[in-house]
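Engineer: Structure provided below as structure tokens; questions to follow.
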Amino acid sequence: RRVFDGEPVFDHETRHLRSDGTPVDLSFNATTLRDAEGRVIGAAGTARDISERKRAAAALHESVEKLRLAVEAADLYYWEWDIQADRLIWGRDPAGLLGAPPPGGEGYPDFRRLVHADDLERFLAAGRATRDSGAPYAHEFRIVTANGEVRWVSATAALLRDSAGAPQRLLGVSRDVSAPKRAERALREARDRLQALSRKVLAAQEEERARIARELHDEVGQALTAVKLNLQGLRRGGRSEARGEALADSLAVIDRTIHDVRALSLDLRPQILDDLGLLPTLKWYCERQSTRAGVPISLEVEALGRDEVPEFATACYRIVQEAVTNALRHAEAKHISVALKREGERIGLSIRDDGRGFDVETARAAALGGRSSGLTGIFERAELAGGSAVVESAAGQGTRVRIEFPAQA
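Following the working numbering, the numbering of the sequence shown begins with -13 at its first residue and continues without gaps.
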């Protein structure tokens, strides 16, 4: 009807049956034939067998559909870029994967400009693929979503060409890899913390040994020398009054030495922690440090059910010891509060001071670099006891060390 109405027909596809009953797909081109007076007298045209092309197109469509379903089942985003039509087709809603590049961050491919040859070249080169290599494009980049969240995206694509070799279409998948990236970063930071802690532990061991050696030499050694001299004088004889003075002096020196040795032992590990448990030890420690430093330290604790577990008790005591020492030594705090209480299914340990505060990120970087061990020790002790630590601080606003442990080991 269209041809006899004088309208030419191009690539009109129809399906027919051969004489043996098998189907054949044909593509017709036709035009109108007219006589000298312009009357329509017939039509002329060509027909081409496109059955093989139709089967190939159907197979490709089926393969692409299977790929789309497979990658979506794997939580991937399937996409096609029609280079000639300048059109991006997503297999499903990309949920913000086409965000803006973060300021000053890594470059990322702008899918909307791939129709331009130079951008396509850069797109492929960024993924270590070229027009001639046939290698798939693969690249990781960061984007900023509409809500301002920075996320990592991994994209893989293959370039399809026509029979003349011209780029026609990109088929690819994209995947949000933010979670693996965060895990990778956390693992790297944990490794760095462990290395820094190992270095500081060795250094602290040597420093502690040197301190104990000085204490033994200066205090215990001198005391024993004084007692030895008194005993030598007694052996030589002399007035009874002199012998009595020597014995009295020796007893006084021994009493001071016993006190010094006891203090040294308490600094290393208080026996009260093993004899009476965590809560009495915290009370004793806070009162002792408050008296020493002249700074009030308030304590609020309650029975928790894990008090008698040695690992938990030691972790809590050492964390309080480290945090209180830091507050007294560095923060110039006027008041410190310590709280250890059950909170639902968790146990909360909090040490707060009103000192001058500090920048937490800078302090953590210093700890990872081996220049400080205080924060690293707190985090590591908390994790070894099954807990997690958070340090909140800012200049002029004091510091709060917050640890959460599970109520059951």
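Each residue gets a CB set at the ideal place from its N, CA and C atoms; glycine is no exception.
(1) Apart from the five residues on each side of it in sequence, which residues of its chain come closer than 7 angstroms, Cβ to Cβ, to residue 319?
(2) Between which two residues does the beta strand (DSSP E) containing residue 337 stretch?
(3) Out of 380, 352, 333 and 325, which one is the CA nearest neighbour of residue 345?
(4) Between which two residues does the beta strand (DSSP E) holding residue 296 run?
(5) Check residue 35 in the structure and name its three-state DSSP category.
(6) What does residue 2 pair with, by DSSP beta-bridge criteria?
(7) Going by Cα to Cα distance, which pick from 136, 174, 290 and 180 is closest to residue 163?
(8) Could you compute how far the alpha carbon of residue 370 sits from the alpha carbon of residue 306?
(9) For the alpha helix (DSSP H) containing residue 269, name the first residue and the last one.
(10) Below 8 angstroms on the Cβ atoms is my guess for residue 337 versus residue 309; work out the distance and round it to an integer in Å.
(11) Tell me which same chain residues have a C-beta within less than 6 angstroms of the C-beta of residue 377, skipping the five on either side of it?
(12) When burial is assigned at 16 or more other CB atoms within 10 Å of the CB, is residue 173 buried or exposed?
(13) Using the three-state DSSP reduction, which class does residue 95 fall into: helix, strand or coil?
(14) Please state if the CB of residue 361 and the CB of residue 324 are separated by a distance shorter than 8 angstroms.
(15) Name the two residues that bound the continuous alpha helix (DSSP H) containing residue 221.
(16) Take residue -12 and list the residues in its own chain whose beta-carbon comes closer than 6 angstroms to its own, dropping the five residues that flank it on each side.
(17) In the DSSP output, what is residue 372 paired with across the bridge?
(18) For residue 365 and residue 374, what's the separation of their Cα atoms in angstroms?
Structural biologist: Reading it off the structure:
(1) 281, 313, 339, 340 and 341
(2) 332 to 339
(3) 380
(4) Careful: residue 296 lies outside any beta strand (DSSP E), inside the alpha helix (DSSP H) at 296 to 315.
(5) strand
(6) 10
(7) 136
(8) 15 angstroms
(9) 264 to 279
(10) 4 angstroms
(11) 346 and 387
(12) exposed
(13) Bear in mind that the predicted position of residue 95 carries a pLDDT of just 43, short of 50, making it too unreliable to give a figure here.
(14) no
(15) 208 to 222
(16) -5
(17) Looking at the DSSP assignment, residue 372 forms no beta bridge with any residue, so it has no partner.
(18) 7 angstroms
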